[in-house]
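Residue numbers (this note's numbering), protein chains in the order written: chain F, 4 to 299; chain U, 3 to 312. Beta carbons: idealized from backbone N, C-alpha and C, even for Gly.
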Amino acid sequence: MKRKTYMSDRMLTVIFYILLSIIALVCLFPIIFAFIGSLNEESEVMMNGFSMMPGKLSLDTYRYVFETQGSKLVNAYKTSLIVTIGGTVLSVVITVMYAYVITVHDFRFGKVLAFFAYFTMIFNGGMLSWYIVTTKYLGLKDSYLAMMLPYAMNVFNMYLVRNYFKGLPYELIEIAEMDGAGHFRILWKIIAPLSKAGIVTIVLFYALQYWNDFYLPLMLINHEEFYSIQYILYKMMANIQFLAANPSSSMAAHVVLPTQTIKMAITCIAIGPIILFYPFVQKYFVKGVTVGALKG
Amino acid sequence: MKHKKSSRKSFRQQWPLYAMALPGVAALLAFSYFPMAGIILVFKQYNFKQGIFGSPWVQPIYKNFSFFFNNLSTAMRSTGLTVMYNILFFIAGTFLSVAIAIMLGEVSSKKFVKVSQSFMFLPYFISWMVIGAILNSLINSETGMLSQIVAKAGGTMPDVYALPKAWIPILVIVNTWQSCGYTSIIYYGVITGIDASLYEAARVDGATKWQCIRKITLPLLKPTIIIMFLLSVGNMLKGNLNMIIGLTNLNPVLFPTTDLIDVFVYRSGVRNGEMAFASAISLYQSVFGLILVLTSNKIAGKFDEDATLF
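Here it is, written out as structure tokens:
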């Protein structure tokens, strides 16, 4: 078979390489910008604004942040870690078990439970009613549990795992049952190990959701001891906005913080772990999304 | 897995299944079904002490809805903004992610594909709060880097945080930036699944790459695009509260272009405790959302049985 090669084809390929490189760089740029921004000197930022090529790189902002707000930040980091690790373990266990239950054929309530979960995806009571139920009736306020339990079961993730389970030969379960293995054993020893890619994907989704969350702190957290790192950033942005809108307020008078560079430093502190783990997890991510995207 | 009918088993054999389902059922009951029951809030004269179920019924029963109709302009503004952004997000997002997927499919270096893809997914991993903080350092009129560049070029950057209109393009650009890598995975998956012999045959017939893209790749992507569109129609009335809080910190000056339904319910209901109106608009959002999802799923099912969400 003879293939013709056109000049235009080569041009097109070159253009594609260039365009893709540009898009990739645009995606990466803000993160690099945040990093360099946090190394800018506050006085220079106030004079000339943020720069990708500052006159001098300095760690002053980090030093300042840790000297003045070190304990606050360490505590926020601790909160974020507890919620992320605890929440992810909790969610993954609950989700995987539920997915297994609706995979087993001869379970009387399998279909009912599948619909029970599905229905929550198409109908919900709305934020307001959720908020009142969670705070007033379930008493979830100002605790680590308040930042974990509401996300305990994500139905999308549950279906993603179920799809992996469905892809396995059902005989695995039947034979194990005939050999007298209980369902916990079957799930733990046979089904889960064979669905590693799917489970890793939802571990990733849950961990990201917990780490990046500021919705639950916003709704349910008032005490400073439970502020997560994302929520600290939220509070800080709110203060900056408040000061910008009310330059003469009494708060502005005694707040002479290097707020601009601190903002970038806390941003870097918040995305640090993601950047750290990213190279290891992103390969699972592609596979997981491809499986989970259309057939949720 | 093929479905096999087998005899029902006894509770003694199956108790582990009940135990396994229990925590999930509890979570769904607590955080999904209980709030659904809470919808009756809209018929109540809510006070915190007596809660949703103890508070007295409003007289007349439809009173809270009259708030809704009296403030129809606010409700309609929120609805209009929510729908408008969802449409713009879909158009911009689909255009860019299809383009990325096609280009990734055409370049031959596997290493390049991997590296550029991993850069493009990165924004999806970052919280809206962090994106908002970075955006602020780029575009705020005093210290923002872009403002400085504009100033050096002789122009003046307007204070976008006081300029509602600016946020329509900003939100569209930022949202597309955040999600295009993620969405492109779906289209890229379809493209890598296309039978290579189709391209071979076209090449033998003397087609250029550009012609192959237009005549083979795009038409084969069309069903996926349609399905994605229908699925997004189901979410037309959902606004991203996290995004608006992260990027604008609920700056009231910007409400003319950022007051999505969810934003409105949050600020009036959760923050200010004005339950009557907020509960009415919340119910309206839930009910119409349900209708949209059911309709779009049904149509999607007609296109492709496998393509419905479930």
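Ranges of the alpha helix (DSSP H) found wholly within the region 241-270 of chain U, counting only runs of at least 4: 243-250, 257-260, 263-267
Host alpha helix (DSSP H) of E44 (chain F) (start-end): Counting along the chain, E44 (chain F) falls outside any alpha helix (DSSP H), and DSSP gives it neither H nor E.
Are the C-beta of D264 (chain U) and some C-beta of chain F separated by less than 8 Å? yes
List the residues of chain U whose Cβ lies closer than 9 Å to the Cβ of D12 (chain F), in chain order. T210, K211, W212
What are the residues that DSSP puts in a beta bridge with K46 (chain U)? U:W59
Contacts that I63 (chain U) makes with chain F (C-beta to C-beta distance below 7 Å): Here the premise fails: no neighbours, minimum Cβ distance about 18 Å.
What span of residues does the alpha helix (DSSP H) with R79 (chain U) cover, start to end? 74-108
Strictly under 8 Å for the Cβ-Cβ distance: is L292 (chain U) near chain F by that measure? yes
Please look up how many angstroms separate the CB atoms of C271 (chain F) and S74 (chain F), rounded, as I've assumed it's under 8 Å. Not confirmed; about 19 Å, so no contact.
Where N215 (chain F) sits in the DSSP three-state scheme: helix
Nonlocal neighbours in the same chain, by C-beta distance under 8 Å from I202 (chain F), ignoring five residues either side: V95, V99, V164, Y167, A195
In this structure, how does DSSP classify R116 (chain U) when only helix, strand and coil are distinguished? Note on residue identity: the sequence assigns Lys, not Arg, to residue 116 (chain U). Helix.
From U:S34, U:G183, U:F123, pick the residue whose C-alpha is nearest to that of I135 (chain F); which is it? U:S34
Taking a Cβ distance cut-off of 7 Å, strictly less, list which residues of the region 262-276 of chain F are near chain U, in chain order. Q263, K266, M267, T270, A273, I274
For I105 (chain F) and N160 (chain F), I'd like the C-alpha separation in whole angstroms. 14 Å
Are the region 45-60 of chain F and the region 146-156 of chain U in contact at 8 Å, needing three or more beta carbon pairs? yes
Suppose the cutoff is 8 Å on Cβ atoms and the five residues either side in sequence are ignored; what does the same chain contact list for D12 (chain F) look like? none
Using a cut-off of 7 Å between C-beta atoms, extract the partners of L30 (chain U) located in chain F. F119, A120, T123, M156
By the three-class DSSP mapping on this structure, what secondary structure does A155 (chain F) have? coil
Interface flag, Q233 (chain F) vs chain U, CB-CB below 8 Å: yes
Excluding the 5 residues flanking P166 (chain U) on each side, which residues of the same chain have their C-beta closer than 8 Å to its C-beta? V255, L256, F257, P258, T259, T260
Distance, K211 (chain U) Cα to F229 (chain F) Cα: 56 Å
If you compare alpha carbons, which of U:R273, U:L90, U:N72 is closest to N177 (chain U)? U:L90
Using the beta-carbon of each residue, which ones in chain U are nearer than 9 Å to K139 (chain F)? F50, G53, I54
Proximal residues of chain U, C-beta to C-beta of T16 (chain F) below 9 Å: E108, V109, S110, K211
Mind reading off the beta-carbon distance from F36 (chain F) to I218 (chain U)? Whole number of angstroms is fine, and I expect it under 8 Å. Rounded, the Cβ-Cβ distance is 39 Å, inconsistent with contact.
In angstroms, rounded to a whole number, what distance separates the CA positions of F312 (chain U) and F118 (chain F)? In this predicted model, F312 (chain U) has a pLDDT of only 44, less than 50, meaning its place in the structure is not dependable; the value taken from the coordinates is given anyway. Cα to Cα, the separation comes out at about 10 Å.
Report back the beta-carbon spacing between A77 (chain U) and I283 (chain U) to the nearest angstrom; my notes put them in contact at under 8 Å. 5 Å
To the nearest angstrom, report how far apart N43 (chain F) and S61 (chain F) are at their CA atoms. 6 Å
Does any CB atom of chain F fall closer than 8 Å to the CB of P58 (chain U)? no
Segment contact, 8 Å Cβ cut-off, at least three pairs: the region 295-306 of chain U with the region 230-243 of chain U: yes
Identify which residue in F:P276, F:I277, F:F288, F:T262 has its Cα closest to the Cα of Q72 (chain F). F:T262
Would you report the Cα separation of Y234 (chain F) and D216 (chain F), rounded to the nearest angstrom? 8 Å
Tell me where the alpha helix (DSSP H) around S139 (chain U) begins and ends. 130-141
Around the Cβ of G82 (chain U), are there at least 16 other Cβ atoms within 10 angstroms (buried) or fewer (exposed)? exposed
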